[in-house]
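Notes to accompany the following structure.
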Amino acid sequence: MEIAKHLHDIAPTRWKNGKGTTRELFRIGAIDNEQDFALRVSVADMDCDSVFSTYPGVDRILMILHGSGMQLIDIPDSMVIATLSGQFSTFSFAGERQLEGRLNDGPIIDLNVMIRRGFATTGLRIIGPSQTEPAGDCRLVLAARGELRVESSDGNELALRDSEFITVTGAKRILTMSNSIAVLVDYHCSA
623 MEIAKHLHDI APTRWKNGKG TTRELFRIGA IDNEQDFALR VSVADMDCDS
673 VFSTYPGVDR ILMILHGSGM QLIDIPDSMV IATLSGQFST FSFAGERQLE
723 GRLNDGPIID LNVMIRRGFA TTGLRIIGPS QTEPAGDCRL VLAARGELRV
773 ESSDGNELAL RDSEFITVTG AKRILTMSNS IAVLVDYHCS A
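In the working numbering, the protein residues as written are 623 to 813.
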């Protein structure tokens, strides 16, 4: 296992459209172009309504980590297609879809998982307080609230505190404490 990092240890970069910032937590480069990605996990700070950047050929999962959420508007139809109401609300969509995010009530922090279509499958799991969960295909663990422990297959444990994360290989299980919530990013290669 790697050393735990805090979200704020990752330098923010501006979005492609300049309307927010993102912190990249994990990336697997594309086979044909290392500058591009096959899998990307990031956390974004969004403090105003904004159009999402498009990513053709990419499937996306968006999860609210902090804040009251947002509405997702399909730009061509001007229709609300999803309302993410608060912490851990999740929505999956195709990266080529033209969407605008309208904040419900103030800024949010969200988790973004983007995967190149056909490369692999991915998903998010939430582990609530006082639970133990097998790591399975987990590649990234984020302590969304409180403290948790990641146990490796050799029996070593690593503690994660609020807003810390770790990329994992060889993890056996994730254990949450009485006041904690973990978010796991699962990944399974299609090839």
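In this text, a Cβ means the ideal position worked out from N, Cα and C, and glycines have one as well. These numbers were taken from a predicted model, which means no experiment stands behind them.
TODO: Using only alpha-carbon positions, find the residue among G758, A757, V763, G728 that is nearest to V735.
DONE: V763
- request: Would you mind working out which of A766, I653, L782 sits nearest E773, comparing C-alpha positions?
  value: Comparing Cα positions, the closest option is L782.
Q | Span separating the alpha-carbon of L694 from that of D776 | A | 44 angstroms
Rounded to whole angstroms, what's the CA-CA distance from S690 to R719? Just pull it up for me.
23 angstroms
Worksheet item: Cβ atoms of T712 and M692: under 8 angstroms apart, would you say?
Response: no
Next item on the list: Let me know if T744 comes out buried or exposed under the rule of 16 or more other beta-carbons within 10 Å of its beta-carbon.
Entry: buried
C-alpha distance - V807 paired with L661, whole-angstrom precision:
11 angstroms
query = Does the segment 632–642 touch the segment 666–681, meaning 3 or more C-beta pairs lie closer than 8 angstroms?
reply = yes
Q: Determine contact between the segment 720–740 and the segment 695–702, defined as no fewer than three beta-carbon pairs at a distance below 8 angstroms.
A: yes
Note to self: By the three-class DSSP mapping on this structure, what secondary structure does D631 have?
What the structure shows: helix
Legend entry - C-alpha distance - G679 paired with I703, whole-angstrom precision: 20 angstroms
- Looking only at C-alpha atoms, which of T798, G717, R682, G740 sits nearest to P756? Nearest of T798, G717, R682, G740 to P756, Cα basis: T798.
(request) Return the residue from the list F787, G792, H810, L706 that minimises the CA-CA distance to D631. (result) F787
- Item | Among I653, L770, S802, Y809, nearest to A626 - alpha-carbon criterion | L770
Cutting at 6 angstroms between CB atoms, please list the residues of its own chain near D658, excluding the five before and the five after it. A652
Measuring alpha carbon to alpha carbon, tell me which residue in N801, T789, R795 is nearest R649. Nearest C-alpha to R649: T789.
* Asked: G723 lies in the beta strand (DSSP E); which residues open and close that run?
  -> 721–725
> Nearest to C811 by CA position, among S802, C760, L780, R767, is which residue?
Replying inline: Comparing Cα-Cα distances from C811 to each of S802, C760, L780, R767, the minimum goes to C760.
Task: Per DSSP, the bridge partner or partners of S774 - done: Beta-bridge pairing links S774 to A793.
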